[in-house]
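Asks:
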Amino acid sequence: PWLLKDLGIIKNINMSELIHHDKAFQKQDNVFLNGKNVQSKKSKSGVRYYRKIGLGFRTPKTAIEGDYIDNKCPFTGIPTIRGRIYKGLVISNKMHRTIVIRRDYLHYIRKFKRFEKRHKSLKAHCSPAFRVEPGDVVTVGQCRPLSKCVRFNVVRVEPTKVQGNLKKQFVMF
């Protein structure tokens, strides 16, 4: 809880109340809230479900100790990471909990015995456990389709490495 003195409001407010925009009651599917004796993983804000996703990726502290509710988060929600794992550059984070990633690669042309630069962009779900800005390098893992265009989930973030115009720069990993 924090105290908002700057806005003239002297009241304790939960972080989840500030982030919350949905009309339905927010709860995790795997947590029963009316239990008599609680014997599951407990955090400061109460009972919380989280898990290790495997593949060498660590569960972020913000997923364990946070109080956000996101059913599409690989650490606190339903989807499992399986299939492809890609690294890419964040181009845009303007959508709600979704980012656009640019993946640069070299394509070999046999006739000229040379490589040409190519790129693909893909959309990935970004859990509230991560703070992502354009220019960051993220690792995404494939999961079931989360929407019409989104089939990947962010599993690791490396802070900004690229400066300047992100949409035109060619960066390989």
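Take the sequence shown: its letter number 165 is residue 166 in the numbering used here, and every next letter is one higher.
The beta-carbon is built from N, C-alpha and C at its ideal position, and this holds for glycine as well.
None of the values given here were measured: they were computed from a predicted structure.
#1: Confirm, please, whether the CB-CB distance from Val151 to Lys121 is below 7 Å.
#2: In chain order, which alpha helix (DSSP H) runs of at least 4 residues are fully inside the segment 54-123?
#3: Quick one: what does DSSP say Phe153 is sitting in, helix, strand or coil?
#4: Taking all protein chains shown into account, decide if Lys28 is buried (16 or more other Cβ within 10 angstroms of its Cβ) or exposed.
#5: Return the CA-CA distance between Leu76 and Tyr87, expressed in angstroms with no decimal places.
#6: Going by CA-CA distance only, name the one from Leu167, Val32, Asn166 and Cys127 that's closest to Thr140.
#7: Out of Leu167, Phe113, Gln170 and Glu159, which one is the CA nearest neighbour of Phe58?
#8: Work out the CA separation of Pro129 and His97 for me, nearest whole Å.
#9: Is the separation between the beta-carbon of Val136 and that of Thr99 shorter than 7 Å?
#10: Provide the residue(s) that pair with Val139 in DSSP beta bridges, ordered along the chain.
#11: Between Lys169 and the rest of its own chain, which residues show a CB-CB distance below 8 Å, the 5 nearest in sequence each way excluded?
#12: How about Leu90 and Val138: are their beta carbons less than 7 Å apart?
#13: Per DSSP, what kind of secondary structure is Ala130 in: helix, strand or coil?
#14: Which residues does DSSP pair with Val163 in a beta bridge?
#15: Indicate whether Ile79 and Asn72 have their beta-carbon atoms separated by less than 7 Å.
#16: What's the C-alpha gap between Tyr69 and Met173?
#17: Would you please state the rounded distance, in angstroms, between the beta carbons of Cys144 and Phe153? I believe it to be under 8 Å.
#18: Would a C-beta distance cut-off of 7 Å place Ile92 and Arg103 closer than the cut-off?
Replies: This is what the structure holds:
#1: Working through the sequence shown from its first residue, we reach residue 121 at position 120. Working through the sequence shown from its first residue, we reach residue 151 at position 150. With contacts defined by Cβ atoms closer than 7 Å, Lys121 and Val151 do not form a contacting pair.
#2: Counting only runs that start and end inside the segment 54-123, the alpha helix (DSSP H) elements of at least 4 residues fall at 62-66.
#3: Here residue 153 refers to the residue found at position 152 of the sequence shown. DSSP places Phe153 in strand when its eight states are reduced to three.
#4: Against the sequence shown, residue 28 aligns to sequence position 27. With fewer than 16 neighbouring CB atoms inside 10 Å of its own CB, Lys28 falls in the exposed class.
#5: The residue given as residue 76 occupies position 75 in the sequence shown. The residue given as residue 87 occupies position 86 in the sequence shown. For the record, residue 76 in the displayed sequence is Phe; it is not Leu. So the alpha carbons of these two residues sit roughly 18 Å apart.
#6: Walking along the sequence shown from the start, residue 140 turns up at place 139. Closest by alpha carbon: Cys127.
#7: As a first step, residue 58 must be located in the sequence shown, where it is residue number 57. Checked all of Leu167, Phe113, Gln170 and Glu159; the closest Cα to Phe58 is Glu159.
#8: If you number the sequence shown from 1, residue 97 lands on position 96. If you number the sequence shown from 1, residue 129 lands on position 128. Between His97 and Pro129, the alpha-carbon positions lie close to 10 Å from each other.
#9: The sequence position of residue 136 within the sequence shown is 135, counting from 1. The sequence position of residue 99 within the sequence shown is 98, counting from 1. Note on residue identity: the sequence assigns Gly, not Val, to residue 136. Taking 7 Å as the Cβ cut-off, Gly136 and Thr99 do not qualify as a contacting pair.
#10: Here residue 139 corresponds to residue number 138 of the sequence shown, with the count starting at 1. Val139 pairs with Gly89 and Val158.
#11: Indexing the sequence shown from 1 puts residue 169 at position 168. Closer than 8 Å at the Cβ level, and outside the excluded window around Lys169, lies no residue.
#12: As a position in the sequence shown, residue 90 is number 89, starting the count at 1. As a position in the sequence shown, residue 138 is number 137, starting the count at 1. With a cutoff of 7 Å on beta-carbon distance, Leu90 and Val138 are scored as near each other.
#13: Residue mapping note: residue 130 aligns to position 129 of the sequence shown, counting from 1. Of the three classes helix, strand and coil, the one that applies to Ala130 here is coil, per DSSP.
#14: Here residue 163 refers to the residue found at position 162 of the sequence shown. Looking at the DSSP output, Val163 shares a beta bridge with no other residue.
#15: The sequence position of residue 79 within the sequence shown is 78, counting from 1. The sequence position of residue 72 within the sequence shown is 71, counting from 1. In contact: Ile79 and Asn72 (Cβ atoms closer than 7 Å).
#16: As a first step, residue 69 must be located in the sequence shown, where it is residue number 68. As a first step, residue 173 must be located in the sequence shown, where it is residue number 172. In this structure, the straight-line span from the alpha carbon of Tyr69 to that of Met173 is close to 33 Å.
#17: Reading the sequence shown from its first residue, position 143 is the one you call residue 144. Reading the sequence shown from its first residue, position 152 is the one you call residue 153. Right, the Cβ-Cβ distance comes to about 7 Å (below 8 Å), so this counts as a contact.
#18: Indexing the sequence shown from 1 puts residue 92 at position 91. Indexing the sequence shown from 1 puts residue 103 at position 102. For Ile92 and Arg103, yes; Cβs fall inside 7 Å.
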